[in-house]
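J.:
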Amino acid sequence: FQLEIDLHRAIEQQEFELYYQSIVSLTTARIVGFEALVRWNNPQYGFVSPAEFIPLAEETGLIIPLGQWILQAACQQLAVWQAQFPTNPPLMMSINLSGHQLTQCDLVDYIEQTLQETGLNGESLKLEITETVAMNDVETAISIMLRLRTLNLRLSIDDFGTGYSSLSYLHRFPVNTLKIDRSFVSRMEDTDEDAAIVQTIIMLSHALGMDVVAEGVETAAQQAKLHSLGCEYGQGYFFSKPVDSKTATALLDKQF
Ligand code: G
Ligand code: G
Ligand code: NA
Ligand code: MN
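Residue 847 is where the sequence shown ends in full-length UniProt numbering, and the numbering goes up by one at each step.
Take a look at the structure:
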C-alpha cells in the first residue's frame, strides 16, 4: 500500500528514468535500435526493479499514466537520436506494452498524438507485447494489433516460447518480429535439444514472414551460432546492458 502511494507520487516527482538496451544486427554488428526499459529511483527505497513495480502499476491502474510517460520519453529520445545519427533505415525504439495498456481504449489515439508531437514515423516504433498477454484474449489482441498497424507501427511478440501459443493463432497476429526468450538462448549451447528449439523458432518466424530478435545474448559463441541459424538481430549483455541515455548515445557515437 505504501509502495502504491509512493508510485503515485513518483510520477509527479519524475523519479522514473528510461534505460536503453541496444538491439544489434547480427549481420552488420551495428546497432539498429534500442529497447526502452523503465527504472525507478526512489529516494527512500533506492532502486526498485520494474519486475516489482510494473505488476503493481498494472493492478492499480497507474500503468496508464506511467505508460504514457514512458512512450513520450522514449519517442523524444528517439527523435533526438534519429537527427543526430541518421541511418537507413532509421534507428528504431522498442517499447513494452503491458496487458492493461493494450486494452486501454485511447491507446491508438495517444500513440498517434505522440508520433505527431515528436515528428516520428510509426515505422520507427516497435511495440512489444508478451506472448502471454497476446494469447490471453486472442481475438481482442488481434483487433487492437490491426488498429495499431494502421499507424504503421511495428509489433513484436516478446518472451516467445514461455507462454502457451497455439501455432494456429500465431500466424493471425499481424506482427513483424518474434523475440526468442532469453531462457532458450542461455541454454542453446548446453544440449542439442535446446539448440533445436532455437532453430525451430527462427524457422517458424521466417515461414510466417517475421524476423527474429534473440534476447539474452551473453557470449560470442551464442552470437555466432544465432547468426549461423539465420537470426537477424541480437540483444543482451554481450552487446550492452540496459544503460542511461548518455551512455547509449556514446554507443551510437562509437559506431558512427
Ligand atoms: O529491465 P528489466 O530486465 O529489469 O525488466 C524487468 C521486467 O520489467 C521485464 O519483464 C520488462 O519487460 C519489464 N519492463 C521494463 N520496462 C518496462 C516498461 O517500460 N513497460 C512495461 N510494461 N514493462 C517493462
Ligand atoms: O521481459 P523483457 O524481455 O522485456 O525483459 C528484459 C529484461 O532482460 C530486462 O530486465 C533486462 O535487464 C534483462 N536482460 C537483458 N539482456 C540480458 C542478458 O543478456 N542476460 C540476462 N540475464 N538478462 C538480460
Ligand atoms: Na521486452
Ligand atoms: Mn522479453
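In this text, a Cβ means the ideal position worked out from N, Cα and C, and glycines have one as well.
In its own chain, which residues sit with a C-beta less than 7 Å from the C-beta of residue 659, not counting the 5 before and 5 after it?
T.: Excluding residues within five positions, the ones whose Cβ falls inside 7 Å are 701.
J.: So, do the region 774 to 785 and the region 719 to 730 have three or more beta carbon pairs nearer to each other than 8 Å?
T.: No: fewer than three Cβ pairs fall under 8 Å.
J.: Quick one: Cα of residue 805 to Cα of residue 750, how far?
T.: Distance between the alpha carbons of residue 805 and residue 750 is about 10 Å.
J.: On the three-state DSSP scale, how would you describe residue 736?
T.: Residue 736 falls in the helix class under three-state DSSP.
J.: Considering only their Cβ atoms, is the gap separating residue 767 from residue 795 smaller than 8 Å?
T.: No, the Cβ-Cβ distance between residue 795 and residue 767 is not below 8 Å.
J.: Could you tell me the distance, in whole angstroms, from the CA atom of residue 626 to the CA atom of residue 832?
T.: If I take the Cα positions, the gap works out to 11 Å.
J.: Quick check on residue 729: does DSSP put it in helix, strand or coil?
T.: Residue 729 falls in the helix class under three-state DSSP.
J.: Under 8 Å, with one C-beta from each stretch per pair, do the region 665 to 673 and the region 612 to 619 reach the 3-pair mark?
T.: Short answer: they don't touch.
J.: Quick check: is any heavy atom of ligand 1 less than 7 Å from the C-beta of residue 712?
T.: For ligand 1, not one heavy atom lies less than 7 Å from the Cβ of residue 712.
J.: Would residue 772 be called buried (16 or more neighbouring beta carbons within 10 Å of its own) or exposed?
T.: So residue 772 counts as buried.
J.: Taking the alpha-carbon of residue 652 as reference, which of 759, 673, 632, 595 has the nearest alpha-carbon?
T.: Comparing Cα-Cα distances from residue 652 to each of 759, 673, 632, 595, the minimum goes to 595.
J.: Taking just the CA atoms, how far does residue 634 sit from residue 800?
T.: Cα to Cα, the separation comes out at about 46 Å.
J.: Would you kindly report the start and end of the unbroken alpha helix (DSSP H) that includes residue 783?
T.: From DSSP, the alpha helix (DSSP H) with residue 783 extends over 783 to 798.
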